[in-house]
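Number of protein chains: 4
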Amino acid sequence: MNKFEQQREQSKQQIEEAALILFAEHGFEKTSIRMIAQRVNISLGLLYNYYAGKDELLKEIFRRGRQDAQVALTPDGDKNRYNDIENHIRLTFKILKQNRSYWKLLHGIRMQSPVIQKLEAEMKAETEFMQKRIEENLINGGIPFPGLEAKLLFATLDGITNHYLLYENYPVDDIANLLILKYREQIRK
Amino acid sequence: MNKFEQQREQSKQQIEEAALILFAEHGFEKTSIRMIAQRVNISLGLLYNYYAGKDELLKEIFRRGRQDAQVALTPDGDKNRYNDIENHIRLTFKILKQNRSYWKLLHGIRMQSPVIQKLEAEMKAETEFMQKRIEENLINGGIPFPGLEAKLLFATLDGITNHYLLYENYPVDDIANLLILKYREQIRK
Amino acid sequence: MNKFEQQREQSKQQIEEAALILFAEHGFEKTSIRMIAQRVNISLGLLYNYYAGKDELLKEIFRRGRQDAQVALTPDGDKNRYNDIENHIRLTFKILKQNRSYWKLLHGIRMQSPVIQKLEAEMKAETEFMQKRIEENLINGGIPFPGLEAKLLFATLDGITNHYLLYENYPVDDIANLLILKYREQIRK
Amino acid sequence: MNKFEQQREQSKQQIEEAALILFAEHGFEKTSIRMIAQRVNISLGLLYNYYAGKDELLKEIFRRGRQDAQVALTPDGDKNRYNDIENHIRLTFKILKQNRSYWKLLHGIRMQSPVIQKLEAEMKAETEFMQKRIEENLINGGIPFPGLEAKLLFATLDGITNHYLLYENYPVDDIANLLILKYREQIRK
DNA sequence: CATGAATGAGACTTCATTCAT
DNA sequence: TATGAATGAAGTCTCATTCAT
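Heads up: the sequence lines are chains A, B, C and D, in that order. Using UniProt numbering, the first residue of the first sequence is number 1, and each one after it goes up by one. Using UniProt numbering, the first residue of the second sequence is number 1, and each one after it goes up by one. Using UniProt numbering, the first residue of the third sequence is number 1, and each one after it goes up by one. Using UniProt numbering, the first residue of the fourth sequence is number 1, and each one after it goes up by one.
Printed below as a string of structure tokens:
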């Protein structure tokens, strides 16, 4: 990557960061290109040198966010393998806290089909990726009905995420610990 | 109720039904007043004889949806008192299915602050009402950490609701039964 | 005039009074038919039984206002003839105070040609009527350049009226007295 | 001033000139943004790149007009100091003729409170500035009751301005001369 | 006579996107 | 590459007026 490409990459990153925050805060529709450009202190037109349009910018943000999540979710060696469910729950909320805006944007936008349709491929991959991780972990945990249990855990984590993003002072760590506790008891039994 | 009031009420109901479906399907921002008017086959302006604006229409829809939910959640006699948690879970999904569009709208819109701020009072009442029901039920179920457990159950139900609204052919009943099963075991223990 | 006509006349008067106040306060364009109907507690449609439209209502108001002014300006016998200028000045402000809203409306609207065009005939009559009175009075006062002086006095009275309508606590009576004083001195000389 | 600023300034000036003429001719309410844009041959939206809205455009026009008036009213050296009242009267009508549209707009709009309230600060400054000039000039002229006389002169000038703007072929210069004559006599006496 | 539901043209405004420089 | 002026379609909302009852 030469010097020009580096600069371009840096500019794109700045733009995407600003856009992510604004999208998460005000919603995709209510955030104008102007607002983004002003926040990064670039001209209105320059944005179109980097992205074909507003939708493409959104897609790019999702692509980056998904990548970050995947990296973070990738198990780092075998050391934590002894209890994958516990590990998965902890990782989920660690990632959530690391990139709160991304998750807020995702959770705020995924219910509206017009937007989803544009991103369906990405969204689906995202969902299935997480779903699969949970299933694997549950099978490792020796839990019956692993398919349903996976869906239930996925929904539970999603629900907690939602409430964490929605409510002030949400005791996400306490909830996470309670959840872990319940799975420990279920497995021991 | 005289002639005019009847006519007015009928028009309003038609408008709100159409708006609810469109808001749920395309999102609030992407649904134009024109789309709503065309769906009900009324003129653009008539809407403004009934509602001060798009936001007020949204509020009215929420008001009606919350009322319906409250009515449905009201326990009908003593027959199901023996296990309130179970009852609550079943009721939650029964209500969800009864007014899918309302819940889709609610879940699709609640993450975006500008809209939420206008509805905060209503939203808060909604949330606290459901939260309180869960807490009562959990205390009746003799479960430890009732506060955290209530939040966890609330999040779980929210997460399942989310996924039911999001994914095709989601096995909401199976998930619900699994959840109930787990609470039964927890209580028995 | 039979009973029905009397009632009709009374209704019209109520409407015109309300409309006059609203027009004067908010301006003609910013006052809606709805506002008027609500103020008089009649239905929106009923107004159109009395007037062909908003413009006609305005014309009717002007017609009535001009009539009132004419009646008030008509000299009541010969007793005050000895000093017609003084008399005219006093009368002007007496009439102004009697129907402040009418004059506010008139002064607020007369500068905009589209409105004026509709009322031109009435406006012209109004203007010429007052102009002529002043000229007569000035000739009686033995003042040189009676034509120009009439125009100047007319403008002065109009200007004072304007400022009286525009500014809080405007000392219209003091100004009027000063003006009278100056004409007395001019005549004596 | 760089290329963009030049372009911007030129566009703004064109817009404001067109808007001033249209506002003065048809009134503020009856002049649509579209009319202005069409007159300058620009698109509807461009106007909103420069002004936050119609009201802001109006304010800007007033700001510019007031500035022009202030510049014109500033005494140019000592040569005319010997008779300030006379000078002030002449200047008033000179300025009036220089920017007829501005004064027509001002006189046409100042009676309607909603618009005035938005401009009150500017209007007040305008008024007080002129008022103060007159008072100073009257004191210099050795006239008794300078406060009331100032108000009377101000009203007179306003009234003449009004009639000049209102009536075709109004002999404003003759009236002005007559007015000056009367003040000369008053001072001499 | 009286009602107010209904209409629809037209107003203001926003904003993604294009383009000349 | 970078700028921001310019576009124009589309959105929300207002309101005089009509009309069935």
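All residues carry an ideal CB built from backbone N, CA and C; glycine is no exception.
Where the stretch 136 to 158 of chain C meets chain D: residues whose CB sits under 8 Å from a CB there:
145, 148, 149, 151, 152, 154, 155, 156, 157, 158
Any chain D beta carbon closer than 8 Å to residue 107 of chain C:
yes
Flag residue 163 of chain C as yes if its beta-carbon sits less than 8 Å from any beta-carbon of chain D, otherwise no.
yes
From the DSSP output, in three-state form, read off residue 120 of chain B for me.
helix
Within the continuous alpha helix (DSSP H) that includes residue 52 of chain B, where are the two ends?
Counting along the chain, residue 52 of chain B falls outside any alpha helix (DSSP H), and DSSP gives it neither H nor E.
Cα-Cα separation, residue 35 of chain D to residue 132 of chain D:
38 Å
Answer yes or no: does any C-beta atom of chain C fall closer than 8 Å to that of residue 27 of chain D?
yes
Nearest CA to the CA of residue 148 of chain D: which residue from C:173, C:108, C:162?
C:173
When burial is assigned at 16 or more other CB atoms within 10 Å of the CB, is residue 9 of chain D buried or exposed?
exposed
So the alpha helix (DSSP H) residue 30 of chain D belongs to, where does it begin and stop?
Segment: none, residue 30 of chain D is in no alpha helix (DSSP H) and carries neither H nor E.
Using three-state DSSP, classify residue 195 of chain D as helix, strand or coil.
In the structure displayed, chain D extends from 1 to 189; residue 195 of chain D sits before or after that span and is not available.
Work out the CA separation of residue 64 of chain D and residue 78 of chain D for me, nearest whole Å.
With a pLDDT of 49 at residue 78 of chain D, under the threshold of 50, the predicted position of this residue should be treated as unreliable, though the coordinate-derived value follows. Roughly 27 Å separates the two Cα atoms.
Taking residue 29 of chain D as the reference, give the member of C:113, C:140, C:143, C:144 with the closest Cα.
C:113
Proximity to residue 171 of chain D [Cα-Cα], best of C:151, C:165, C:169:
C:151
Under 8 Å, Cβ to Cβ, is there at least one residue of chain A near residue 46 of chain B?
no
Tell whether a beta-carbon distance below 8 Å holds between residue 95 of chain B and residue 180 of chain B.
no
Proximity of residue 184 of chain C and residue 122 of chain C at Cβ, strictly below 8 Å:
no
From the beta carbon of residue 174 of chain A, is the nearest beta carbon of chain B less than 8 Å away?
yes
Residue-level contact to chain C via CB, residue 38 of chain D, 8 Å cutoff:
no
By a C-beta neighbour count over all protein chains shown, 10 Å radius and 16 as the cutoff for buried, is residue 71 of chain D buried or exposed?
exposed
Excluding the 5 residues flanking residue 15 of chain D on each side, which residues of the same chain have their C-beta closer than 6 Å to its C-beta?
40
From C:104, C:110, C:21, residue whose alpha carbon lies closest to that of residue 166 of chain C
C:104
Taking the alpha-carbon positions, what's the residue 158 of chain B to residue 163 of chain A distance?
9 Å
Contact defined as beta carbons within less than 8 Å: I believe residue 111 of chain A pairs with residue 142 of chain B. What is the distance between those atoms, to the nearest angstrom?
Not confirmed; about 36 Å, so no contact.
Quick one: Cα of residue 23 of chain C to Cα of residue 119 of chain C, how far?
15 Å
Could you say which of B:61, B:86, B:87 lies nearest to residue 99 of chain B if we only look at CA atoms?
B:61
Locate the alpha helix (DSSP H) running through residue 160 of chain D, then write down its first and last residues.
146 to 166
For residue 175 of chain B, I'd like the list of residues in its chain whose CB is within less than 8 Å of its CB, leaving aside the five on either flank, ordered along the chain.
160
Neighbourhood of residue 138 of chain C by C-beta, 6 Å cutoff - its chain only, sequence neighbours within 5 removed:
146, 149, 150
Go ahead and label residue 87 of chain C buried or exposed: buried means 16 or more other beta carbons lie within 10 angstroms of its beta carbon, across all protein chains shown.
buried
Just to make sure I have the definition right: I need the residues of chain B whose C-beta is within less than 9 Å of the C-beta of residue 113 of chain A. Which are they?
25, 26, 27
Determine, using beta carbons only, whether residue 124 of chain B comes closer than 8 Å to chain A.
no
Please determine, among D:169, D:116, D:92, the residue with the shortest C-alpha to C-alpha distance to residue 153 of chain D.
D:92
Along the stretch 87 to 107 of chain D, where does the CB come closer than 8 Å to a CB of chain C? Name the residues.
104, 107
Three-way DSSP call (helix, strand, coil) for residue 78 of chain B in this model:
Low confidence applies here, because residue 78 of chain B scores a pLDDT of 49, under 50, leaving its location unreliable and the question unanswered by this model.
Tell me whether residue 69 of chain D is buried or exposed, calling it buried when 16 or more other Cβ atoms sit within 10 Å of its Cβ.
buried
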